[in-house]
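For the sequence shown, counting from 1, position 166 maps to 166 in full-length UniProt numbering; every step adds exactly one. Notes follow once the structure below has been shown.
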Amino acid sequence: MSSSTGKTQVIHGAMTQMFLENEQAPWFYGPWQETTGIMHGLFPKDDSELPKGWTREIANSIHSYFEQFNQQKSQEDKIKFATARKNAAHIPGRIHWRKFITENWKRWGIHSKINAVLLEEGIHPLLYEDIHEATSRIPLVVDVVAQALFGEEALDSHLRVNSSIRRALRDIIKRTFNNTRNQITRSKSRTVSLEKGAVEAFEALLALDKDKATKAKIQAVILKLARWKALVDALRISDAMERVQHMEGELNELMLQFNPRVNVTSAKAKSGGAKLNTSALKSLASQEDIEDLVNLYEDFFNTPDPLDSVALQDQHPITALKVGGFDDGADLGVEVESKMTPEELARNLGFPPSRLPIPFNLYRHKGGITPWDSSHPNQIKPELAQNDSQMEPISLHWHQLAGVHALMRMNWTAKANTTRPCGALIADEVGLGKTFQAATVIAFLSDVAMRQKLSRPLPPLLFNTPFLGNSSTLPRLPSLILVPGTLIAQWETELKTIFKRGSVDILVYGTSKIQRIQFWDPKGPFHTSKNDVNKIIIAPHSALQQEFGALYFAPLKSVREPWKIPKRFPNYATNVKNTLYGYDYLSVTIDEAHVFRNTGAKHISLLALIERATLRFAMTATPLQTSTKDIAGMGRIVGIPYFLSQEATENEKSDLKELRQLKRCMDDETKEMESEAMMDFTKRTGQKMQMLFKDRILRRTTSSKDWRNQPLIDLPPYIDTPVILKVTEREMDIIREKADKMKKCVSSANGVLLVASRSFYVDHRISVGFARKSMSEKIPKFSSLDEWNELKSTKFDSCARMCVHLLGRDDAPELNVVDGKLVFPPLLPLEPGLQTQQTLKILISQEFPSLGPLLRNVLDLYGVKYLWIDGRMSFQQRAQVVKKFCTDSNIRVLIMSSVGSVGLNLTVASVIIFLDQPWSAQDELQIRGRAHRQPQQQTVRCYHLLADETADIILAALARGKHHMMAAFLKQEHGQELYSLLAGGTLNPPEDDYDEDDPKYMLDSEVNSKIKHRMKFIVDADQMIEDIDNSAKKEKSGKKAVKNPSVDGDRLNVVVVKQSKPRWKSMKSAEEVLDDNIVTESIQTAGQDTAAPPDRTVRPLQENSASVEIAVTTSLATPSVPSQETADNPDTDDPMLGNEGGNMEDGALNDDYDIPINESKSTATDPGDNVSTSCTGASHSSLSSPKTGTRRRATRM
């Protein structure tokens, strides 16, 4: 498809050509139909089957355009025809088609899908310094991209896509590659500005002068370092990441000086540089200032590594295949255990009469204190704990005992087993206590190893099945638990609650490179631990991706062998011992294992690690996503041989083909419900999967029954109520501004990470809570409701009023929302003889510590009594607060954070108000679990305060899998962009729609930055030169061209030159010309004399051109010079939050500028023929479209 000049088609042009050259491809491929929702092709006979938004008139016009496109003689003509904009009204089909493709390309997520392939295949722009080398490899991935977009049905028997599709797809991939490269390059250049700002702010602290205030300086360091860190972490710039970690280490030391219990999940590397004068800082800051600073620090640094981010849109996938029990009614995996009593199960497992493993504690503290945190005797001695009202007994539910029994029964055999790995898929529904079950498995294995070491009898379960794999002797190895980074603290707390202090060593694997080096150091925690089989390592998912990339070549995405582990790097043997891949494990437990299900580097990184495990357990509440392809990925993780065979891949293709055919036959009505054929397919496939996973899966739900045929957990339901609020105009203006500023960096980061990183959204989400233009702006202390009403936060005010209403009486009527505002129905009169009941208690979940003082201030204004806990409280302080909340009838509101509430039992409360919408469904589950757990006796009501038209709506909808919640918001462009970014997508670069010779097409990033810096302008020749040519014909005096633009005051002078001879220069692409001919800050021409080319791009003249000059001028906006106040404000004009020159889209030039023509002779000419105008005051906003007459267009470069 690429022409002899090396041009590539625009996206919609490539799609046109693919359609014409390959019998309407790709619109008949199943995966493409699922992606686009277009099931009947572009031009079906039935109008009801037309693509959404099309009429028959539109379809006919597009069909006509296709025919005209096909009549173009050369490839270059087709490219020009697709991109032409002159006389657009004459070919309406081109306008409709261009709009249809460019608007839907983002919604369909095509850029993101192609980027995912480029990243997995090692051809992503982020991985290459030599761009030419990278682009030369694009043909190598065309087949893989074709499979990702169109499915295997687009490939031939050699797994190659046919040549007609290949040519078009290559152009589309190149466009995606170049656009991503430009986004990344611009983002990298932003990191330079961000680093400079962070370093300058940091140096100001090092040179602290006691006569100067310091709170603003520390705020500047926190905000600027956080923004630099967010972008560097997302782009994975290794050298910059090390510099960030050193500065972060210094800042963390300062925060620990302010408060030793500062709680952040971010890496805390120690700096080897100059030390902050912490004593001087402390002496210059008031206690209130210190609290504000620590809160701000926790807000921005309490975020996980971006690699630990989970795709938000995958939290509640639509399950096409449901796996239930067999015909006997027993749940899958516990067919043997279904009739056994708890006593029988515990006895078989070798547990004592307590029915708990020997290493387990017998009691737990209601306030979350563990024996690992306190030496209080009641925590250790059961005879004292049983008389302490704050202690409650630990017990294993029947289903947990049955689960452990089943998992061991599945894997221990009577004879040595060498045919398959040992392991299972633990697919229990949320709320059944997976942490306790996983800990019990580890304790059982530890007990067996100890019995073997002491030559004592094995547990009865193993009397006749003593082999685990190919050995009857259990290896004395540690256990590894892999979890999302956000859940490390929760797992650590739970394990310390469960295990007796000293019975095991619980080691947390760090998130930073320095922490990991220290972990494996001979004097580090791993090698100094005296335990072997009683050693538990908790590691983040991100560790696998990072360490795998340092040890192995990038995996080739094999269609036929997606489990194939790539070759090792030559230095593998040297480096592996400082990674998780360098050690063997007794067991590897993978929490949230479904995030590894998709083929690619992440999937392979896990398969390579679990080869070193005797047992592997994949835990997920959503094991079966939308197809057998996902199930196959989980099967490989568990180690089922079938899923590691060619037979599996062939059957998978057959199943997918049948499923797509069924979907193609479904009309709009049956899409809302399963058709009979679809139900039959689901049943057949589900039964097949059951047989394949037999003895390798455990699946129970909250509706499952125990050995007595009673529900597993006797727990009242919970009710989720979204409360969607309309914020004030003032709030929305600020929220929108924050969202617009962040979106460009988010788009670039998503192009690398492929999932959204929460680090970029902190500022936006805090503004949804309380809108401020700058994070450094102090939150006022309000002394009256009148003061509060002037600047009130809609969400905080609604929260306080809800508390007043619900606390008024236990039978308070349900609140209503009308037009985005809360309405509180009046209390009904009490019946005679009844007294007012006021026992209801409320939990308020608040995400951001910096807004804590404001919430407490507002509750005070409304007269609501409360307590609060956070992550900085000691365990003893937290336990005292919890005790008071549970026992004091006058205190009925508890404010808590997700960090500070881990492990708490707060069943005394029956209402939860989510003031800040949690980032993910997992975060929401943990908060709800504080109240919705045993021994809760009441229905738990959960109110989610959501600010309409903000990230709140999308996060809540994605967490619940209820897309109708955001339907109205998604009709707005702002909503579509925010959804795309939160779903890990990228913004559609406008340059997709331009020919490479068009100045609006992306320029080489280095050149573009130079031009942007000087704000050079050139004249768009489409109309300008046409008029000049017409004039020249009349005068019969030769051609004319544009000479040097220059600035005179607030006027832009563009000089038109009349030549004595035609000396037009042939041009390469705009990108190549600028790359070849940039000299300092000027653009020179190069090439040979030719006739005037048809594209009529503006060309500067040679020095020997005789000329007559005509001045073309236009007004320019007055330069915007930042004030000193703005320059000092760490939030203002930050390159990370927006382009330094204005609101220009990534990869795009600004819209057309109108230029009025002045026919007077110009005196503002420069020697030579270089375009070297410096124009520092250009307006950021787009001007009106070109007019007829004497107005002309100029394009900013």
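For glycine and all other residues, C-beta sits at the position ideal for the given N, C-alpha and C.
**Request:** Pick out whichever of Thr370, Asn361, Cys886, Val858 has its Cα sitting closest to the Cα of Ser784.
**Result:** As a working note, residue 784 is residue 784 in the sequence shown. Ranking Thr370, Asn361, Cys886, Val858 by Cα distance to Ser784 puts Val858 first.
**Message:** In whole angstroms, give me the CA-to-CA distance for Gln379 and Leu480.
**Reply:** Sequence index remark: in the sequence shown, residue 379 carries index 379 (1-based). Sequence index remark: in the sequence shown, residue 480 carries index 480 (1-based). Cα to Cα, Gln379 sits roughly 27 Å from Leu480.
**Asked** Under 8 Å, do Arg501 and Tyr509 count as touching if we go by C-beta distance?
**Response** Position 501 of the sequence shown holds residue 501. Position 509 of the sequence shown holds residue 509. Cβ distance not < 8 Å, so Arg501 and Tyr509 don't count as in contact.
**Prompt:** Do the CB positions of Ile913 and Ser845 come within less than 8 Å of each other?
**Reply:** The residue you call residue 913 lines up with position 913 of the sequence shown. The residue you call residue 845 lines up with position 845 of the sequence shown. Against a cut-off of 8 Å, the Cβ pair of Ser845 and Ile913 comes out as a contact.
**Request:** Would you mind stating whether Phe824 and Leu815 have Cβ atoms separated by less than 8 Å?
**Result:** To locate residue 824, count along the sequence shown from 1; it is residue 824. To locate residue 815, count along the sequence shown from 1; it is residue 815. Going by C-beta atoms, Phe824 is nearer than 8 Å to Leu815.
**Item:** Residue of Pro716, Pro342, Ile610, Trp228 minimising C-alpha distance to Arg420
**Value:** By 1-based counting over the sequence shown, the position of residue 420 is 420. Comparing Cα positions, the closest option is Ile610.
**Request:** Could you tell me which residues DSSP puts in a beta bridge with Thr574?
**Result:** As a first step, residue 574 is located in the sequence shown; it is residue number 574 there, counting from the start. According to DSSP, which records beta bridges pairwise, Thr574 is partnered with nothing at all.
**Prompt:** Could you check where the alpha helix (DSSP H) with Gly423 kicks off and where it finishes?
**Reply:** Position 423 of the sequence shown, counted from the start, is the residue given in the question as residue 423. Counting along the chain, Gly423 falls outside any alpha helix (DSSP H), though it belongs to the beta strand (DSSP E) covering 422-426.
**Request:** Check Lys671 in the structure and name its three-state DSSP category.
**Result:** Along the sequence shown, read from residue 1 onward, the residue named residue 671 stands at position 671. Per-residue confidence for Lys671 stands at a pLDDT of 47, beneath the threshold of 50, marking its modelled position as unreliable; no derived number is given.
**Message:** Can you find the residues in the same chain that come closer than 7 Å, C-beta to C-beta, to Phe526, ignoring five residues on each side of it along the sequence?
**Reply:** Start at 1 with the first residue of the sequence shown, and residue 526 comes out as number 526. Counting only Cβ-Cβ distances below 7 Å, and skipping sequence neighbours, we find Leu507, Phe519, Trp520.
**Request:** Please look up how many angstroms separate the CB atoms of Tyr642 and Gly633, rounded, as I've assumed it's under 8 Å.
**Result:** Here residue 642 refers to the residue found at position 642 of the sequence shown. Here residue 633 refers to the residue found at position 633 of the sequence shown. With 8 Å as the limit, Tyr642 and Gly633 do not qualify as a contact, their Cβ atoms being about 13 Å apart.
**Item:** Residue(s) in a DSSP beta bridge with Pro711
**Value:** Counted from its first residue, the sequence shown places residue 711 at position 711. According to DSSP, Pro711 bridges with Lys705.
**Prompt:** What are the boundary residues of the beta strand (DSSP E) that Thr8 is part of?
**Reply:** Residue numbering aside, residue 8 sits at position 8 when the sequence shown is read from its first letter. Note, Thr8: premise wrong, no beta strand (DSSP E); not H, not E.
**Asked** Do you know how far the Cα of Leu894 is from the Cα of Trp868?
**Response** Locating residue 868 in the sequence shown gives position 868, counting from the first residue. Locating residue 894 in the sequence shown gives position 894, counting from the first residue. The alpha-carbon atoms of Trp868 and Leu894 are separated by roughly 5 Å.
**Item:** Identified DSSP bridge partners for Met619
**Value:** Here the question's residue 619 lines up with position 619 in the sequence shown. Paired residues: Ile426.
**Message:** Tyr866 and Arg801 - do their beta-carbons sit closer together than 8 Å?
**Reply:** Numbered from its first residue, the sequence shown carries residue 801 at position 801. Numbered from its first residue, the sequence shown carries residue 866 at position 866. Not closer than 8 Å, so no.
**Asked** Around the Cβ of Arg364, are there at least 16 other Cβ atoms within 10 angstroms (buried) or fewer (exposed)?
**Response** Stepping through the sequence shown from its first residue, residue 364 is reached at position 364. Arg364 comes out buried.
**Request:** State yes or no: is the C-beta of Asp505 within less than 8 Å of the C-beta of Asn464?
**Result:** As a first step, residue 505 must be located in the sequence shown, where it is residue number 505. As a first step, residue 464 must be located in the sequence shown, where it is residue number 464. Not a contact, by the Cβ cut-off of 8 Å.
**Message:** Can you give me the C-alpha to C-alpha distance between Ala230 and Tyr297, rounded to a whole angstrom?
**Reply:** For the purposes of this step, residue 230 is taken as the residue at position 230 of the sequence shown. For the purposes of this step, residue 297 is taken as the residue at position 297 of the sequence shown. About 14 Å.
**Request:** Just grab the DSSP bridge partners of Asn816 for me.
**Result:** Taking the first residue of the sequence shown as 1, we reach residue 816 at position 816. DSSP lists Val823 as partners of Asn816.
**Item:** Option in Ile91, Leu155, Ala89 with minimal Cα separation from Pro31
**Value:** Within the sequence shown, residue 31 is the residue found at index 31, counting from 1. Comparing Cα-Cα distances from Pro31 to each of Ile91, Leu155, Ala89, the minimum goes to Leu155.
**Asked** Under the three-state reduction of DSSP, which class applies to His944: helix, strand or coil?
**Response** Indexing the sequence shown from 1 puts residue 944 at position 944. Of the three classes helix, strand and coil, the one that applies to His944 here is strand, per DSSP.
**Asked** Where does the unbroken alpha helix (DSSP H) through Arg364 begin, and where does it stop?
**Response** Here residue 364 corresponds to residue number 364 of the sequence shown, with the count starting at 1. No alpha helix (DSSP H) holds Arg364; the beta strand (DSSP E) holding it covers 363-365.
**Request:** Please specify which runs of the alpha helix (DSSP H), each continuous and at least 4 residues long, are wholly inside the segment 205-237, giving them in chain order.
**Result:** 215-235
**Request:** Taking only runs that begin and end inside the segment 56-83, name each unbroken alpha helix (DSSP H) of 4 or more residues, in chain order.
**Result:** 56-70, 75-83
**Asked** Distance, Cα to Cα, Lys705 vs Lys513?
**Response** If you number the sequence shown from 1, residue 705 lands on position 705. If you number the sequence shown from 1, residue 513 lands on position 513. If you take the alpha carbons of Lys705 and Lys513, they lie about 47 Å apart.
**Asked** Should Ile537 go down as buried or exposed, given a rule of 16 or more other Cβ atoms within 10 Å for buried?
**Response** Residue mapping note: residue 537 aligns to position 537 of the sequence shown, counting from 1. With 16 or more Cβ atoms within 10 Å of its Cβ, Ile537 is classed as buried.
**Item:** Bounding residues of the alpha helix (DSSP H) (the contiguous stretch that carries Glu298)
**Value:** As a first step, residue 298 is located in the sequence shown; it is residue number 298 there, counting from the start. Start and end: 287-301.
**Prompt:** So, are the CB atoms of Thr907 and Ala931 less than 8 Å apart?
**Reply:** Counted from its first residue, the sequence shown places residue 907 at position 907. Counted from its first residue, the sequence shown places residue 931 at position 931. Taking 8 Å as the Cβ cut-off, Thr907 and Ala931 qualify as a contacting pair.
**Request:** Quickly, what does DSSP pair Ala613 with across the bridge? List them, please.
**Result:** Counting from 1 along the sequence shown, the entry for residue 613 is found at position 613. Answer by DSSP bridge pairing, in chain order: Tyr585.
**Item:** Where the alpha helix (DSSP H) through Phe100 begins and ends
**Value:** Here residue 100 corresponds to residue number 100 of the sequence shown, with the count starting at 1. Note, Phe100: alpha helix (DSSP H), 92-108.
**Prompt:** Out of curiosity, what's the CA-to-CA distance linking Pro478 and Asn534?
**Reply:** Within the sequence shown, numbered from 1, the residue matching residue 478 stands at position 478. Within the sequence shown, numbered from 1, the residue matching residue 534 stands at position 534. Each residue's Cα considered, the two are about 6 Å apart.
**Asked** Under a Cβ-count criterion, where at least 16 other Cβ atoms within 10 Å of its own Cβ denotes burial, should Gly13 be classed as buried or exposed?
**Response** Mapped onto the sequence shown, residue 13 falls at position 13. The residue in question, Gly13, is buried, as its Cβ has 16 or more Cβ neighbours within 10 Å.
**Message:** Within the continuous beta strand (DSSP E) that includes Pro393, where are the two ends?
**Reply:** The count along the sequence shown starts at 1 and reaches residue 393 at position 393. Where Pro393 is concerned, the enclosing beta strand (DSSP E) stretches over 391-393.
**Item:** Same chain, Cβ closer than 7 Å to Lys495, five either side skipped, listed in chain order
**Value:** Residue mapping note: residue 495 aligns to position 495 of the sequence shown, counting from 1. The identity of residue 495 in the sequence shown is Leu, whereas the question assumes Lys. Once the five neighbours on either side are set aside, the close Cβ partners of Leu495 are Ala439, Ile506, Ile536.
**Request:** Starting from the C-beta of Gln17, find all residues in its chain whose C-beta is less than 6 Å away, skip the five residues before and the five after it, and write them out in chain order.
**Result:** Counting from 1 along the sequence shown, the entry for residue 17 is found at position 17. Excluding sequence neighbours, Gln17 sits near Ala168.
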